[in-house]
Amino acid sequence: MTDLTEDSSLADLQNLPYWLPGEHPIKSEPAGESNMNLVLRIQTSHRNLIIKQSKPYVRKYPQIPAPVDRIEVEYRFLQEIARDAWIKDRVPKVVFFDAESHILIMEDLGKGLDFSKIYSGEKTLTEDEIIQLVDFLSRMHGLKVDEFPVNMKMRLLNHEHLFQFPFLEENGFDLDTIQSGLQALSLTYKRDVQLKEKLKLLGDRYLSPGKVLIHGDFYPGSWLDVSSGIKIIDPEFGFLGEPEFDLGIFLAHLDLAQQPELLRGSILSAYSNPLDLQLVGQFQGMEILRRLIGIAQLPLTLTLSQKAKLLRKGKYLILN
Ligand SMILES: Nc1ncnc2c1ncn2[C@@H]1O[C@H](COP(=O)(O)OP(=O)(O)OP(=O)(O)O)[C@@H](O)[C@H]1O
Ligand SMILES: [Mg+2]
Numbered sequence: 001m002t003d004l005t006e007d008s009s010l011a012d013l014q015n016l017p018y019w020l021p022g023e024h025p026i027k028s029e030p031a032g033e034s035n036m037n038l039v040l041r042i043q044t045s046h047r048n049l050i051i052k053q054s055k056p057y058v059r060k061y062p063q064i065p066a067p068v069d070r071i072e073v074e075y076r077f078l079q080e081i082a083r084d085a086w087i088k089d090r091v092p093k094v095v096f097f098d099a100e101s102h103i104l105i106m107e108d109l110g111k112g113l114d115f116s117k118i119y120s121g122e123k124t125l126t127e128d129e130i131i132q133l134v135d136f137l138s139r140m141h142g143l144k145v146d147e148f149p150v151n152m153k154m155r156l157l158n159h160e161h162l163f164q165f166p167f168l169e170e171n172g173f174d175l176d177t178i179q180s181g182l183q184a185l186s187l188t189y190k191r192d193v194q195l196k197e198k199l200k201l202l203g204d205r206y207l208s209p210g211k212v213l214i215h216g217d218f219y220p221g222s223w224l225d226v227s228s229g230i231k232i233i234d235p236e237f238g239f240l241g242e243p244e245f246d247l248g249i250f251l252a253h254l255d256l257a258q259q260p261e262l263l264r265g266s267i268l269s270a271y272s273n274p275l276d277l278q279l280v281g282q283f284q285g286m287e288i289l290r291r292l293i294g295i296a297q298l299p300l301t302l303t304l305s306q307k308a309k310l311l312r313k314g315k316y317l318i319l320n
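If you read the sequence shown in full-length UniProt numbering, its first letter stands for residue 1, the second for the next number, and so on.
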């Protein structure tokens, strides 16, 4: 079992069993922003590779345990969706999977940035980008997948941060450290019994088995902007669930990034499978709320009153 770190030396890396004859690593660096896993970009004498290793904890916060087999979910997901030739071109190719060491070696898609830049208002998504993203979801959700890991430990971890922690009055997270006044604003939602009942049902639904392969974390941090178009990464939260989840998350991030209303309409009209729009709205509302008052904060530049407006929208979507 190999345990890699950001400081693994080139000599350590050379000892890995993954290289082609005569290949040697020349340079290793963190591939980009990551919290959950160790993700390295390795330049070798022959090519550039991404090496992703899951640990039995959250890499950035080693005191928080996390399911180590999440990398296997990512591997299985990439294998499944590569059956569709169009999708295959929009995810990294798998080079090698080492189940024992929890290491996935992938094609390096290039140093493209992800789309987190949309939160600061420095970028508006184009209609064409929206269509690329929706087409990805339409095709992925249309795949016939009979068997896939249930990924329950990752779902439970996510469930805590989507449906529970953000709505606990005494969760120990002082939102005024994010923005003055946010803590008081959040209390209305944390004390809303009707809202919390709906969230409970929605959370149960998230944990129930579904039939459609979903990405499970379809937000701008999982979209890479490379010269050939948008690539989708990081499907470690994938499972057979409800397609409305991916669409709800997608829409919520357009709200959080204050993207033009028109784009949201394009998403729903371009999506090609049947959808329960009410359920899409509920997941969307949950994601808006939990990103504003939960621990997984985004690099937003919103004023308190803009956040108040979004919180109202989130609640409305959940309760309709
Ligand atoms: N195949 C790839 N090609 C190019 N860059 C990549 C690739 N995979 C990952 N990266 C870069 O590494 C970063 C981290 O990757 P990834 O999101 O998969 O890691 P993670 O640990 O699961 O992150 P998170 O904590 O957000 O869940 C990405 O944002 C991206 O910049
Ligand atoms: Mg991840």
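Glycine included, each C-beta is placed from N, C-alpha and C at the ideal position.
Does the beta carbon of residue i fall short of 7 Å from some heavy atom of ligand 1?
i	result
Glu72	no
Asn151	no
Lys117	no
Gly110	yes
Gly221	yes
Leu81	Reading the sequence as shown, one finds Ile at residue 81 and not Leu. Result no, Cβ not under 7 Å from ligand 1.
Glu33	yes
Arg103	Looking at the sequence itself, residue 103 is Ile, so the reference to Arg does not match. Result no, Cβ not under 7 Å from ligand 1.
Val39	yes
Met154	no
Glu107	yes
Lys27	no
Lys52	yes
Asp114	yes
Pro92	yes
Consult DSSP for residue i and reduce its assignment to one of helix, strand or coil.
i	result
Glu33	coil
Tyr219	coil
Val58	strand
Met152	helix
Glu147	coil
Pro65	strand
Arg90	coil
Ser116	helix
Asn48	strand
Met106	strand
Gly241	strand
Arg41	strand
Gly229	strand
Pro21	coil
Just to confirm, does residue i get its C-beta within under 7 Å of one of the non-hydrogen atoms of ligand 2?
i	result
Asp234	yes
residue 376	Outside the displayed range of the chain (1 to 320) lies residue 376, so it cannot be described from this structure.
For residue i, which of the options has the nearest alpha-carbon?
i	options	result
Phe115	Thr2, Phe97 and Leu298	Leu298
Ile288	Glu23, Ile318, Glu107 and Gly265	Ile318
Asp89	Tyr61, Thr303 and Ser228	Ser228
Glu29	Ile42, Pro21, Pro220 and Glu72	Ile42
Pro65	Gln258, Glu72 and Pro56	Pro56
Ile50	Asp98, Tyr75, Ile87 and Leu109	Leu109
Arg59	Glu74, Leu4 and Ile26	Leu4
Gly203	Leu187, Ile232, Gly238 and His161	His161
What is the rounded straight-line gap between the Cα of residue i and the Cα of residue j?
i	j	result
Ile293	Leu185	9 Å
Arg205	Ser45	49 Å
Glu244	Asp12	44 Å
Trp223	Ala31	14 Å
Gln164	Ser269	32 Å
Asp246	Ser138	10 Å
Ile130	Leu113	17 Å
Asp174	Ser180	10 Å
Glu169	Pro17	50 Å
Glu80	Gln282	28 Å
Ala257	Thr2	40 Å
Lys93	Met106	6 Å
Val145	Leu78	12 Å
Asn15	Lys27	14 Å
Asn320	Gln132	29 Å
Would you say the beta carbon of residue i comes nearer than 7 Å to a heavy atom of ligand 4?
i	result
Lys200	Questions concerning ligand 4 fall outside what the structure shown contains, since the ligands it does hold are ligand 1 and ligand 2.
With a threshold of 8 Å between beta carbons, is residue i in contact with chain D?
i	result
Lys315	Given the protein chain composition of this structure (a single chain), no chain D is represented.
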